[in-house]
Amino acid sequence: MTAMDVRPSQHEVEEEVRQLLLRYPSYAATHVLDTLRATEFARLDRLEQVYVDYTGGGLHGDSQVRRHLEFLGTTVLGNPHSTSPSSAVATDMVARCRKRVLEFFNADPREYVCIFTSNASGALKLVGESYPFGEGDQLLMTFDNHNSVVGIRAFDRVRKASTRYVPVEPPDMRVSEATLKSFLQERSGGGNKLFAYPAQSNFSGVQHPLEWIEKAQALGWDVLLDAAAFVPTNRLDLGRWHPDYVTLSFYKMFGYPTGVGALLARRQALSKLHRPWFAGGTISWASVLAESHTLSDGSEGFEDGTLNYTSLPAVELGLEFLESAGMEIIHERVNILATWLMEELAALRHGNGQRVARIYGPLDAESRGGTVALNVYDPQGVHVDHRSVEERANSWGISLRTGCFCNPGAGELAMGLQRDEIVSCLVQSGNRMTVDEFRQCVDGKSTGAVRISFGVASTFADALTVLRFFQGFREP
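Quick note, my numbering runs 40 ahead of the 1-based positions in the sequence shown.
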């Protein structure tokens, strides 16, 4: 069975949209995205695909690739580290792209620099390895963080700094303001202190307050904002908010190119970072005989080797693509689709009254993005393995995501796992454990979830098809 076999008819979609508009009148203002879907993403319907994994990766519009190919076909680009004609063009393209990225986020170039990386994980590693952790310093993270943020603890621990985690509270998966304040104020003396959190959870879609940035900085913390899940469908205004470090991946924003991300760093915060090594392109001078080197100033000193200079023009085109679609329109659409789907799923019941789906995170639209995380349950209240849900979705032509989404902290709290049982499983396995071994050890508990996430090309027909899919788990 394919998505086309079960996709609602055009008449059904039109009738459901009429009902949707009664509940969400502002959805009408997003109709321009339906035109965009038909012109830029027609391959989805042509290939009978329902794509709802935008938090995993964005989709590119056809014109992005076409325009980039045209550019490459009419331009000669050389390695930027030279003054040759081809190198000069590439150098200009790199500088122009930096400027365009800062403009997109309304970041004053006198305050921020744009450092190109391979992706958001590369940007996070750059901060982690360069931040001046020392004995007595602190790394504070929310439980709700991507593995690439959690991994920074590997750097602070070898330097004898402490790592602490601010819990999120199920079922809404939010952080208590009082709890956060307590963590931020505890041991509020000197030393280096880094507070890292996501603007939007890649697990639940919860949007954590950007107001935390200023509150933490007022207490002496440097703030690392993981914006990877936030910026594809939300406007991040760095003229209004001033985190010390911002990390993101461009493929999550507009699909193409992959392999390019960025660290946006305040100049003052950048001066605090100390790189543990140097590479080609990062230095203004180096000597083997004298065993000495001098890092380049600004962003160049933090970019290893040769940049992906043939792809950077595509980043400009991607930003232009999002701007033309309208970030506010995209935001409105994905939030309405996610809220509608949550409401429908929350009301879905088996014949005996048991719920079909349990949703992680708040059920209202306030301070959350276009992501819905859930697990499916049978009439006896036993969870349906998320892997079997994915297999069934595959047969429908639906691309969704299952697992813990590289966010172990949020997943552990959402699934009700306890530290003692996790440690016990780890000990039993000899401190090396596979996912399958972990599943067997915590038999009876879910170790993952199903995630639906909407993006620029999402339509109501997609959301309705997803609902029909989950209705298929209902037993009379």
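The C-beta atom is built at its ideal place from N, Cα and C for all residues, glycine as well.
Looking at the DSSP output, His333 sits in a beta bridge with Ala326. Apart from sequence neighbours up to five positions away, the residues of its chain that approach Leu381 with a beta-carbon distance below 8 Å are Val412, Ile492, Ala503, Val506 and Leu507, ordered along the chain. A contact is defined here as three or more CB-CB pairs under 8 Å, and the stretch 277-285 meets this definition with respect to the stretch 137-149. Taking 8 Å as the upper bound for CB-CB distance, Phe500 and Leu377 are in contact here, some 7 Å apart. Within its own chain, the residues whose Cβ lies closer than 8 Å to the Cβ of Val116, once the five positions on either side in sequence are excluded, are Pro125, Ser126 and Val129, listed in chain order. In the three-state reduction of the DSSP assignment, Ile192 falls in the coil class, being assigned neither a helical nor a strand state. Proximity to Gly443 across Gly168, Gln247, Asn415 and Arg373 peaks at Asn415, based on C-alpha coordinates. When secondary structure is reduced to three states using DSSP, Asp460 falls in the helix class. Residue Gly168 holds the alpha-carbon nearest to the alpha-carbon of Arg315 among Gly168, Val374 and Ile369. The residue from Pro516, Gly495, Phe513 and Arg514 with its alpha-carbon nearest to that of Val90 is Gly495. Shown here, Met133 sits in a helix according to DSSP, grouped into three states.
For Asn348, there is no enclosing beta strand (DSSP E), as DSSP gives it neither H nor E. With a beta-carbon spacing of about 5 Å, Ala160 and Thr287 fall inside the 8 Å limit used to define contacts.
The beta carbon of Val396 lies closer than 7 Å to those of Leu388, Arg389, His390, Val416, Tyr417, Phe510, Phe513 and Arg514 in the same chain, with the five residues before and after it left out. DSSP, reduced to helix, strand and coil, places Glu343 outside both helices and strands of the structure shown, so it counts as coil. For Thr273 and Ser364, the gap between their C-alpha atoms comes out near 13 Å. A straight-line Cα-Cα distance of about 44 Å links Asp266 and Pro516. For Leu278, no alpha helix (DSSP H) segment is defined, and its DSSP state is neither H nor E. For the pair of segments examined, the stretch 168-187 was found to touch the stretch 201-213: the number of CB pairs separated by less than 8 Å reaches three. If you draw a straight line from the Cα of Glu368 to the Cα of Val198, it comes to about 43 Å. Shortest Cα-Cα distance from Glu406 to any of Arg214, Arg107, Leu164 and Met293 involves Arg214.
Around Arg140, the same chain offers Glu356 and Leu359 as residues with beta carbons nearer than 7 Å, after the five sequence neighbours per side are excluded. About 6 Å separates the Cβ atoms of Ser498 and Val374, confirming a contact at the 8 Å cut-off.
Relative to the Cα of Leu142, the nearest Cα in the group Asp132, Val134, Ala135 and Cys154 belongs to Cys154. Per DSSP, the continuous beta strand (DSSP E) segment holding Tyr205 begins and ends at Ser202 to Val206. Contact annotation: Met455 and Leu466 have beta-carbon atoms that are not nearer than 7 Å.
Judged by pairs of C-beta atoms under 8 Å, the stretch 343-351 touches the stretch 294-310, as three or more such pairs exist.
Between the alpha carbons of Ala354 and His121 lies a gap of roughly 20 Å.
Here DSSP, grouped into helix, strand and coil, assigns Pro238 to strand. Secondary structure at Phe156: strand, using DSSP grouped into helix, strand and coil. The straight-line gap separating the alpha-carbon atoms of Ile192 and Asn392 is approximately 47 Å.
DSSP assignment within the stretch 375-423 yields the following whole beta strand (DSSP E) runs of 3 residues or more, N-terminal first: 397-400 and 411-417. Counting of Cβ neighbours within 10 angstroms places Pro283 among the buried residues, the total reaching 16 or more.
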